[in-house]
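Colleague: Mind looking over this structure? Questions follow.
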Amino acid sequence: MKIKALLLAAAVCVAVIAGGCSQSDSNKNDSSSKASVSSETSDSSKEDSKKDDNSNKENSAQDSKDSSDKESSVPTGEAVDAAWFNDALFIGDSVTLKLSSYADTGDLGDAQFLCAGSLGYTNALWDIDHEDNVHPMYEGQQYTVDEGAKLIAPKKIFVMLGMNDIGLYGVDGAIESMKELTGKIKNNCPDSVIYIESVTPMIAGYSLGDLNNTSIAEFDEKLKTVCAENGFKYMDVASAVSDENGDLIYEYCSDIPTDDNPNGMGLHFTEEGCKAWADYLKANVNNA
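Count along the sequence shown from 1, add 6, and you get the number used in our numbering.
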């Protein structure tokens, strides 16, 4: 049985950056003001500015689509069977939440999921009783991801977080939280193989404050180094869903920002995008 997060209604697609933006740590305070990068903002001037930019961003994305045939760069290694993921757990935010829905096809076997739409490496470290926590649910009860992983006891753990950290705490702040959280997961699940997935890109010409394809690429490069230093297996999922310019393939994006969809964030996946993601994992888990 797949375990999926129970989220607050409407938090899945529009609150990827918005939620979990409070921080009790004195080194990461005043995050409520930083959370204004969310599409769910009450600042009318930002909303007006966003609307003014929508047509340009849409045209930029369309130009990117038309410039070349955007095909995934999934390696041609021998793929494992879907059943390989029967003892796997995926931890992530709303991007992985979409993958959990796609997994109902059976393409990832009986993999389980601990996801929440606003989850990040930083707020995943908060105590379970933190008033702003966004921890996922498991069998009707909320757990931190490290405690949930310990309870599920999977043989393989896939972690894709960071999207909700980069814009709030910067690349270096996000990396520090990543080190701390993965250390806790490793301590709670010493027999599990840990796979760290890269943060995936946004569509061409779009950004949310400091979250953009440049900062995402910088984060992923540092993530790769941390994995090598700590014995984690790095999965470059971004390479499987990016075009030749490093942008999210247009057809893989389910929330393209347009005049009709001003809250589109340009980073969530379609079913086709999830298939490319799953295909990449199956072709590369034995080579990581």
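Note that beta-carbon positions come from the ideal geometry of N, C-alpha and C, so glycine has one too.
With H, G and I counted as helix, E and B as strand and the rest as coil, what does DSSP make of Ala41?
Modeller: Low confidence applies here, because Ala41 scores a pLDDT of 30, under 50, leaving its location unreliable; read the following figure in that light. Three-state result, Ala41: helix.
Colleague: Between Glu235, Asp226, Leu125 and Asp266, which has its C-alpha nearest Thr150's C-alpha?
Modeller: It is Leu125.
Colleague: Between which two residues does the alpha helix (DSSP H) holding Cys306 run?
Modeller: For the chain, the structure presents residues 7 to 294; residue 306 sits outside this window and is missing.
Colleague: Tell me whether the beta-carbon of Phe96 lies closer than 8 Å to the beta-carbon of Ser106.
Modeller: Cβ distance < 8 Å, so Phe96 and Ser106 count as in contact.
Colleague: Put Ile125 into one of helix, strand or coil per three-state DSSP.
Modeller: Looking at the sequence provided, one finds Leu at residue 125 rather than Ile. Coil at Leu125, not helix or strand.
Colleague: What does a CB cutoff of less than 8 Å around Thr276 pick up in its chain, not counting 5 residues either side in sequence?
Modeller: Taken in chain order, the residues that qualify are Glu257, Tyr258, Cys259 and Ser260.
Colleague: Buried or exposed: which applies to Thr128, given that a residue is buried once 16 or more other Cβ atoms fall within 10 Å of its Cβ?
Modeller: When all chains shown are included, Thr128 counts as buried.
Colleague: Here's the rule I'm using: 16 or more other beta-carbon atoms within 10 Å means buried, otherwise exposed. How should Pro160 be labelled?
Modeller: Under this definition Pro160 is a buried residue.
Colleague: Would you mind sorting Asp253 into buried or exposed? The rule is 16 or more other CB atoms within 10 Å of its CB.
Modeller: That one is buried.
Colleague: List the endpoints of the continuous beta strand (DSSP E) containing Tyr108.
Modeller: Careful: Tyr108 lies outside any beta strand (DSSP E), inside the alpha helix (DSSP H) at Ser100 to Tyr108.
Colleague: Rounded to whole angstroms, what's the CA-CA distance from Ser213 to Gln148? Just pull it up for me.
Modeller: Going from the Cα of Ser213 to the Cα of Gln148 covers about 32 Å.
Colleague: For Lys192, which three-state DSSP category applies?
Modeller: If DSSP states are grouped into helix, strand and coil, Lys192 belongs with the helices.
Colleague: Report the option in Leu229, Asp249, Gly154 and Gly237 whose CA atom is closest to the CA atom of Gly179.
Modeller: Ranking Leu229, Asp249, Gly154 and Gly237 by Cα distance to Gly179 puts Leu229 first.
Colleague: Would you say the stretch 195-213 touches the stretch 242-253, given that touching needs at least three Cβ pairs under 8 Å?
Modeller: Touching, yes, given that three or more Cβ pairs across the two stretches are closer than 8 Å.
Colleague: Within its chain, find whatever has a CB closer than 7 Å to the CB of Leu131; leave out the 5 residues flanking it on each side and keep chain order.
Modeller: Contacts found: Ser183, Glu186 and Leu187.
Colleague: Can you tell me the Cβ-Cβ gap for Gly83 and Asn293, rounded? I've got them flagged as a contact below 8 Å.
Modeller: Yes, Gly83 and Asn293 are in contact; Cβ-Cβ is about 6 Å, under 8 Å.
Colleague: Measure the C-alpha to C-alpha separation of Gly279 and Glu153 and round it to an integer number of angstroms.
Modeller: Each residue's alpha carbon lies about 30 Å from the other.
Colleague: Short of 8 Å in beta carbon distance, which residues of its chain neighbour Ala94, apart from the five on each side in sequence? Order them along the chain.
Modeller: Excluding residues within five positions, the ones whose Cβ falls inside 8 Å are Leu114, Gly115, Ala117, Gln118, Pro160, Lys161, Lys162, Ile163 and Phe164.
Colleague: Taking the alpha helix (DSSP H) that Lys239 belongs to, which residues open and close that run?
Modeller: Note, Lys239: premise wrong, no alpha helix (DSSP H); beta strand (DSSP E) at Lys239 to Met241.
Colleague: Is the beta carbon of Phe238 closer than 8 Å to that of Ile181?
Modeller: Their beta carbons are not under 8 Å apart, which means Ile181 does not touch Phe238 by this criterion.
Colleague: Evaluate Glu227 with the Cβ neighbour count: other Cβ atoms within 10 Å of its Cβ, from every protein chain shown; 16 or more gives buried, anything less gives exposed.
Modeller: Counting Cβ neighbours within 10 Å, Glu227 comes out exposed, since fewer than 16 surround it.
Colleague: Kindly indicate which three-state DSSP category Ile172 falls into: helix, strand or coil?
Modeller: Looking at Ile172 - three-state DSSP - the assignment turns out to be helix.
Colleague: Spatial neighbours of Thr315 within its chain, please: CB distance less than 6 Å, with the 5 preceding and 5 following residues excluded, ordered by chain position.
Modeller: Only positions 7 to 294 of the chain appear in this structure, which leaves residue 315 out of reach.
Colleague: Under the three-state reduction of DSSP, which class applies to Ser248: helix, strand or coil?
Modeller: Of the three classes helix, strand and coil, the one that applies to Ser248 here is strand, per DSSP.
Colleague: Cα separation between Ser221 and Asn193?
Modeller: When rounded, the distance between both Cα atoms is 29 Å.
Colleague: Look at the alpha carbon of Cys195 and the alpha carbon of Asp265, and state the distance between them as a whole number of angstroms.
Modeller: Roughly 46 Å between the two C-alpha positions.
Colleague: By DSSP's criteria, Val165 is part of a beta bridge. Which residues make up the other side?
Modeller: Val165 pairs with Ile97 and Ile202.
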